[in-house]
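A short worksheet on the structure shown next.
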Amino acid sequence: MSEAWFEFLLKFKQINYAEGDFVFQKGNITYLFFGLLLILLISILIVYFLTNIYTTKRSRIFSISLRIIALLLLCLPLFEPKLMIPDVIPNENFLVVLIDNSESMDIPDGYFGQTRQNDIYTILSDKKKGILPKLEENFKIRYYIFSSEAMRVDSIESLEPKGHETNIASSLHRVFSDFKGLPLAGVLLFLYYNVSLYVKVHY
Numbered sequence: 005m006s007e008a009w010f011e012f013l014l015k016f017k018q019i020n021y022a023e024g025d026f027v028f029q030k031g032n033i034t035y036l037f038f039g040l041l042l043i044l045l046i047s048i049l050i051v052y053f054l055t056n057i058y059t060t061k062r063s064r065i066f067s068i069s070l071r072i073i074a075l076l077l078l079c080l081p082l083f084e085p086k087l088m089i090p091d092v093i094p095n096e097n098f099l100v101v102l103i104d105n106s107e108s109m110d111i112p113d114g115y116f117g118q119t120r121q122n123d124i125y126t127i128l129s130d131k132k133k134g135i136l137p138k139l140e141e142n143f144k145i146r147y148y149i150f151s152s153e154a155m156r157v158d159s160i161e162s163l164e165p166k167g168h169e170t171n172i173a174s175s176l177h178r179v180f181s182d183f184k185g186l187p188l189a190g191v192l193l194f195l196y197y198n199v200s201l202y203v204k205v206h207y
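Structural data, given as structure tokens:
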């Protein structure tokens, strides 16, 4: 079965079923259904073993098996089965790296004695301590830069900070809009700010 047909028929991708776990709804009503189902199964077995309408033992067992399977399939939705999918599935979830590209990022007062933007490059891409290689093991990385609004870029190298403002809310709206309906694990936000921020974003 192709991946597209599998997802169309069963709602989720094959990797979701491989990584996820099936669980059933718990509660008093569930236990009641389970008790009734058990009584019904026992009743069916008793009736079939007391009747003599089957010519052979094999045909009787075959008939009982079919009816029990059909009964279980009919009752399965009553137990509300759920597929619990972990938040992070390797190489299936997206992680957005959102970097401030305003003019202030060109100020040479960074922690490592460079410009603020170069400090961000060091944190992300340093050959010894950069965090990107580890992140790429579990996520599909997508890069955005922002000032007044966010813009998708293929690479964060050789960027020139030239924005005139830092609008975080507008930029996050753009990111969430781009990834609506997609498995977005999170947004890694890089900016220099010396005040507390409160951003209200409707997603």
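For the sequence shown, counting from 1, position 121 maps to 125 in this note's numbering; every step adds exactly one. All C-beta atoms, glycine included, are put in the ideal place defined by N, C-alpha and C.
In the DSSP assignment, find the unbroken beta strand (DSSP E) run with residue i in it and report its ends.
i	result
ASN97	97-104
ASP25	25-28
MET215	The structure shown does not extend to residue 215, since the chain is modelled only from 5 through 207, so no value can be given for it.
What is the DSSP secondary structure of residue i, counted as helix, strand or coil?
i	result
LEU195	coil
ILE144	The residue asked about is misnamed: residue 144 is Lys in this sequence, not Ile. LYS144: strand per DSSP, three-state reduction.
LEU163	coil
LEU76	helix
GLY190	strand
LYS132	coil
ILE149	strand
PRO81	helix
LYS61	helix
Roughly how many angstroms lie between the CA atoms of residue i and residue j, to the nearest whole one?
i	j	result
ILE103	ASP25	36 Å
PHE116	PRO85	53 Å
LEU80	SER67	20 Å
ILE111	GLY134	22 Å
LYS131	HIS168	32 Å
MET176	SER159	According to the sequence provided, residue 176 is Leu. The question's Met does not apply to it. Answer to the nearest angstrom: the Cα atoms are 19 Å apart.
ASP113	THR126	14 Å
LEU78	PHE143	39 Å
LYS184	ASN97	13 Å
LEU87	THR34	17 Å
Going by beta-carbon coordinates alone, are residue i and residue j separated by less than 7 Å?
i	j	result
VAL100	VAL191	yes
PHE194	ILE145	no
SER174	ASN105	no
GLU153	ARG120	no
LEU76	PHE37	no
What does the Cβ neighbour count give for residue i, buried or exposed, with the cut at 16 atoms within 10 Å?
i	result
TYR148	buried
LEU188	buried
LEU55	At residue 55 the sequence reads Thr, which differs from the Leu that was named. Exposed, by the Cβ-count rule.
So residue i is in the alpha helix (DSSP H); what residue range does that whole segment cover?
i	result
PHE180	172-182
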